[in-house]
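> One structure, pasted below without further comment.
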Amino acid sequence: KEKVTTMRGIIVGAGIGGLSTAIAMQMRDITVKVFEAATSLNPVGAGILVPPNAMTILDRYNLAQQVRGGGCPIESLVILDSEGKRISKTPAHYSKNGIVYQTIAIHRGVLQKILLSALAPDTLFTDKQCLAVSSGVNGAEATFRDSTKVCGEFLVGADGIHSRVRESIFPDSPLRYSGQTCWRGVSNMTLPPKWLMQLTEVWGAGLRFGFVPIADAQVYWYATQRKDAGGIDDSTNIKQQLFDLYGEFLDPVGEIISQTNPSSIIRNDLSDLMPLTSWFSNSVILVGDAAHASTPNLGQGGAQAIEDSWVLAEKIATCETLQNAFESFQVSRVAKVKKIVNVSWQIGKATNISNKIACKIRNTLFRCVPPFMAKQQSRSIYDVSY
């Protein structure tokens, strides 16, 4: 027999966006419950960057210090060619009103645990796989695989790029494959001092390898290759496969691969979401990757979900109606996320170039970008105006 429970607000998904949104709602005395498909929130995944715009919001949630303590500060983002020559260097910090916010590289599981610690008791419900949602002017309803249903005044879809919530309200919302497959992992090693305060990316011909410290003896790394979607790895030879692709890159790329447990290496095809005309329908609204997924080339996916959390809670708390709140939320956020989606896509196209002569031209063009232009773009992303 179906069990139906009624509440104020429903959040589907307990990733970075869902947990951040719940925290923001609680700060404004808006009662919400979070429903997560996983049976438990274990420290899965690899690393993530928490850039200055996200740190600004986390500071408002009184969580910035915990994030700093759980990860490693990053001063700059450095791109090198396969021979180790610098292509570009941009700052990874931002100052506003005398306060400096610095990018923190951290394990995704550690960040999730910090966010989870800030939730009020009895807010999170696991093993709740959402099958569908329905939305009307008087509220929303979510149906879960265990045959339970919950109803609320509003529902927030924070269930990622493959959102079941989005599929329910906007069934025609296709993904766009970037042409790149990505491997991610965490290596148990300590980097030499020269690499400690930066995220380093090495660009080859249709190949890219990035690495950054996330703890004293942990290095988060990712590697992309121009490749058709749908490939499957064999854990018994995945390290050799990666050595074959990236083994000639500069040190310490080879050691990073060798010090990684092959069973923990994650493979994903990189896609983004074709822009939606609207992020909401009646009493259901999307946030984070469910609304505006980008490829990860700017390291802004989680940060934009965190920004969403603050703005959405603020609008619900201050606007006269949910419709007004949702409209105002989208207007406040759409220009920035559209820029990030587009710039991330273009960077991916640049790193997808496989012709060696074209790669040399690409690298030369990137080297010619004046530093002030790179800093200007960083400022436009890192600034939080709400």
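So in the numbering used here, the last one in the sequence shown is 1509, and the numbering has no gaps at all.
A virtual CB, placed ideally from N, CA and C, is assigned to each residue, including glycine.
Since the structure is predicted, the reported quantities are computational estimates derived from the model, not experimental observations.
Check this for me: beta carbons of Asn1165 and Ile1504, under 8 Å apart or not?
No.
> What three-state label does DSSP hand Val1233 in the structure shown?
helix
> Helix, strand or coil for Lys1251, going by three-state DSSP, please let me know.
coil
> Please classify Val1335: is it buried, with 16 or more other beta-carbons within 10 angstroms of its beta-carbon, or exposed?
Per the 10 Å Cβ criterion, buried.
> Beta-carbon within less than 7 Å of Gly1370's beta-carbon, same chain only, minus the 5 sequence neighbours each way: which residues are those?
Gly1377
> Span of the beta strand (DSSP E) holding Lys1272?
1271-1280
> Reducing DSSP to helix, strand and coil, say where Glu1206 ends up.
coil
> Taking 7 Å as the cut-off, is the C-beta of Asp1269 nearer than that to any heavy atom in the ligand NAP?
As presented, the structure is devoid of all ligands, the ligand NAP included, so that no description of it is given.
> Kindly identify the DSSP beta-bridge partner or partners of Asp1395.
Arg1299
> Suppose contacts are defined by Cβ-Cβ distances below 8 Å. Is Ala1161 in contact with Gly1280 by that definition?
It is not a contact, given that the beta carbons lie outside the stated cut-off.
> Residues in the same chain with beta-carbon distance under 8 Å from Leu1368, minus the five sequence neighbours each way, listed in chain order, please.
Around Leu1368, the same chain offers Leu1330, Ala1346, Gln1348 as residues with beta carbons nearer than 8 Å, after the five sequence neighbours per side are excluded.
> Using the rule of at least 16 other Cβ atoms within 10 Å of the residue's Cβ for burial, across every protein chain shown, is Asn1478 buried or exposed?
exposed
> So, at 8 Å on beta carbons, what are the nonlocal neighbours of Tyr1184 in its own chain, with the 5 sequence-adjacent residues on each side left out?
Ser1143, Ile1146, Ala1147, Met1150, Ala1241, listed in sequence order.
> What are the partner residues of Leu1172, as DSSP defines its beta bridges?
Ala1228
> Please tell me whether Glu1264 and Gly1132 are closer than 8 Å, where the distance is taken between their beta carbons.
no
> For Gln1500 and Pro1297, I'd like the C-alpha separation in whole angstroms.
28 Å
> Could you tell me how far apart the beta carbons of Tyr1509 and Asp1392 are, in whole angstroms, since I believe they sit closer than 8 Å?
The pair is not a contact, with the Cβ atoms about 33 Å apart (cut-off 8 Å).
> Report yes or no: do the stretch 1411-1428 and the stretch 1439-1451 share at least 3 C-beta pairs separated by less than 8 Å?
no
> Give me whichever residues DSSP pairs with Glu1324 in a beta bridge.
Ile1202, Gly1333
> Report yes or no: do three or more beta-carbon pairs, one from the stretch 1310-1323 and one from the stretch 1373-1389, lie closer than 8 Å?
yes
> Can you give me the Cβ contacts of Ile1476 inside the same chain, cut-off strictly under 6 Å, excluding the 5 residues immediately before and after it?
Cys1482, Arg1485
> On the DSSP letters alone, give me the boundaries of the beta strand (DSSP E) that Arg1349 sits inside.
The continuous beta strand (DSSP E) containing Arg1349 extends over residues 1341-1349.
> Enumerate, from N- to C-terminal direction, the unbroken beta strand (DSSP E) stretches of 3 or more residues contained entirely within the stretch 1383-1428.
You should have 1389-1396, 1407-1409.
> Using 8 Å as the threshold, is the C-beta distance between Cys1195 and Ala1340 below it?
Contact flag unset, no.
> Going by C-alpha distance, which of Ala1255, Ile1171, Ala1448, Gly1411 is nearest Lys1459?
Gly1411
> Can you tell me which residues form a DSSP beta bridge with His1285?
Answer by DSSP bridge pairing: none, since His1285 is not bridged.
> To which residues does DSSP link Pro1214 through a beta bridge?
When DSSP reads this structure, Pro1214 sits in a beta bridge with Ser1199.
> Would Ala1169 pass as a contact of Ile1284 if the rule is Cβ separation under 8 Å?
no
> Give the range of the beta strand (DSSP E) segment to which Gly1262 is assigned.
1262-1267
> Where does the unbroken alpha helix (DSSP H) through Phe1489 begin, and where does it stop?
For Phe1489, the enclosing alpha helix (DSSP H) stretches over residues 1479-1490.
> Nearest to Val1135 by alpha carbon, out of Thr1249, Thr1418, Pro1398?
Comparing Cα-Cα distances from Val1135 to each of Thr1249, Thr1418, Pro1398, the minimum goes to Thr1249.
> Would you identify the three-state DSSP class for Phe1158, choosing helix, strand or coil?
strand
> Using the C-alpha atoms, what's the distance from Ser1205 back to Phe1372?
5 Å
> Using only the alpha-carbon positions, how far apart do Ser1387 and Gly1259 sit?
43 Å
> Output yes or no for whether 8 Å exceeds the beta carbon distance between Pro1174 and Gly1422.
yes
> For Val1190, write down the residues that DSSP places opposite it in a beta bridge.
In DSSP, Val1190 forms no bridge with anything.
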